[in-house]
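1327 is the number that the numbering used here gives to position 63 of the sequence shown; each next residue is one higher, with no gaps.
Below you'll find the structure, written out as structure tokens, and then a few comments.
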Amino acid sequence: MSDCMSLEILNLRKSFGAATVLSDISMSAGRGEFISLVGPSGCGKTTTLNIVAGFEAPDVGDVKIDGVSMLGTPSYRRKLGMVFQSHALFPHMTIAENVGFGLAMQHVPKPEVAERVGEALAMVKLGALADRYPRQLSGGQQQRVGIARALTVRPKVLLMDEPLSSLDAKLRREMQVEIRRIQQEVGITTLYVTHDQEEALTMSDCIVLMNRGHIEQAGRPEELYKAPKSLFAASFIGESSFLDANVEALSGEAALVRIDPATQVEIARAPWMHPNARLQLAVRPQSVGIRSAGAGEGSIEGVVVSRAFVGSVIRYVITLPGGQEVQAQPSAQQDFLPEIGDRVGLSIERPRWMAFAPEKAP
Ligand SMILES: Nc1ncnc2c1ncn2[C@@H]1O[C@H](COP(=O)(O)OP(=O)(O)OP(=O)(O)O)[C@@H](O)[C@H]1O
Ligand SMILES: [Mg+2]
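Here you go:
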């Protein structure tokens, strides 16, 4: 089996009435891989998951698990584990009974149910709470019960649709780590839906970024973060400042780009650039260094308009002479930490600039 993928999603198309919801969705996961589907609300994430689960049929395309098409197989025989936003535990059953429910339905013998429930609860570190009722558990614990329940059926693929969206920020971060730990321990192929790009960045082996029914970009988290292929990808994954600019001159590998009459920068040349072309520059706040004005070579200077302390870093907004804004995020340990109203110089390494041709409005 090592030569075939654990999960393959092949050229899915799906319409509801006149609305095309998925245009041409393909992705694959090797065994044990964690893939996140991210994208704005309504882009088709849940629809994709529902087709994998067998709750919806695609108009065109296929879903394969271990190389076998699942289209003719009903949902309950696809060997899937599923975890959704609402964990929907049975309130009148204990945690152990909830977790064992699927197995009991499959007429698995009682001693085996007990053994597998014990294993699954140990995996999510809830063994001690097996005899409690759902109302006696916190939100995060209930979500872990949901995961244990999905794992007891020993699925080949785990599907999760926004499992953490009902939890508060702190618990969410804890559960991100926890889900990833469990997923790696079990070594289970996972398709995870979230609209939270930060969650996708921290958890995934691979991110599939969707936009209006198509895949905008797919790759490893650092790939999407460092080399977004479109303005949409740059704005959806990670934070960026965006600046309107014009190509002033091209030479060899470099492009000289003007942001405003007083501000120009040199960036890496791209094939589509030509003199006077309009472009959108983007730069991550983490890639922007600040220093005192007039101290360095570069020609970017501006005025600090806001300054916010966010834990270990300070979040600055600097206005350039033409009025466009750049965010910088130096470490709070740095010696030079200017105040609002101070004039500063910005240092941005050439490869840190991202440049995109302006996009047509959708
Ligand atoms: N059963 C249905 N009938 C008609 N339209 C549907 C149906 N299910 C989904 N849609 C539409 O398909 C589009 C994609 O929906 P989907 O639920 O896949 O989005 P999503 O990416 O999961 O969004 P969200 O982040 O809000 O959960 C939406 O425009 C939605 O209104
Ligand atoms: Mg959804």
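Ideal Cβ positions, reconstructed from N, Cα and C, are used throughout, including at glycine.
Given the structure is predicted, the values throughout are model-derived calculations rather than measurements.
- In this structure, valine 1581 places its C-beta atom within 7 Å of the C-beta atom of valine 1569.
- Going by beta carbons, methionine 1474 and glycine 1308 fall inside the 7 Å limit.
- Per DSSP, glutamate 1383 has no beta bridge partner at all.
- Taking C-beta atoms under 8 Å as the contact rule, valine 1529 and isoleucine 1578 fail to qualify, at a distance of about 23 Å.
- Relative to ligand 1, the beta carbon of phenylalanine 1319 is positioned no closer than 6 Å to any heavy atom.
- Taking C-beta atoms as the reference points, proline 1398 and leucine 1335 fail to come closer than 7 Å.
- Taking a 10 Å sphere around the C-beta of arginine 1548, we find 16 or more other C-beta atoms and assign the residue as buried.
- Note that the C-beta distance between threonine 1583 and valine 1608 is not below 7 Å.
- For ligand 1, a non-hydrogen atom lies closer than 6 Å to the CB of glycine 1308.
- Residue pairing for isoleucine 1273: DSSP places it in a beta bridge opposite Met1291, Val1327.
- Within the model, the alpha-carbon separation for alanine 1293 versus asparagine 1275 is close to 15 Å.
- Placement of the Cβ of threonine 1311 at a distance of less than 6 Å from at least one heavy atom of ligand 1 is found.
- In this structure, serine 1494 has its CB at a distance of at least 6 Å from all heavy atoms of ligand 1.
- Restricting attention to Glu1613, Gln1481, Arg1341, the CA atom closest to the CA of isoleucine 1554 is found in Glu1613.
- In this structure, DSSP gives serine 1499 a helical state, which the three-state scheme calls helix.
- Within the same chain, Phe1348, Gln1349, Val1457, Thr1458, His1459 come within 8 Å of glutamate 1426 by CB-CB distance, once the 5 residues on both sides are set aside.
- For valine 1581, the uninterrupted beta strand (DSSP E) segment begins and ends at 1577 to 1583.
- By alpha-carbon distance to glutamate 1503, the top candidate from Glu1383, Ile1359, Phe1365, Val1590 is Val1590.
- A direct Cα-to-Cα measurement between threonine 1466 and glutamate 1486 gives close to 10 Å.
- When beta bridges are read from the DSSP output, glutamine 1544 appears opposite Asp1508, Phe1620.
- Remark: C-beta atoms of tyrosine 1489 and isoleucine 1501 approach each other more closely than 7 Å.
- Arginine 1522 sits close to asparagine 1510, with the two beta carbons spaced by under 7 Å.
- For alanine 1464 against glutamine 1481, the beta-carbon gap comes to about 12 Å, at or over 8 Å, which does not count as contact.
- Tyrosine 1397 sits in coil when the DSSP states are folded into three classes, being neither helix nor strand.
- If you ignore the 5 residues before and after alanine 1394, its C-beta comes within less than 6 Å of the C-beta of Ile1359, Ala1360, Leu1385, all in its own chain and listed in chain order.
- Annotated as proximal: arginine 1295 and serine 1270, with beta-carbon spacing under 7 Å.
- The beta carbon of glycine 1391 is closer than 8 Å to those of Gly1382, Leu1385 in its chain, skipping five residues each way along the sequence.
- Note that the C-beta distance between alanine 1317 and leucine 1401 is not below 7 Å.
- Taking a 10 Å sphere around the C-beta of isoleucine 1604, we find fewer than 16 other C-beta atoms and assign the residue as exposed.
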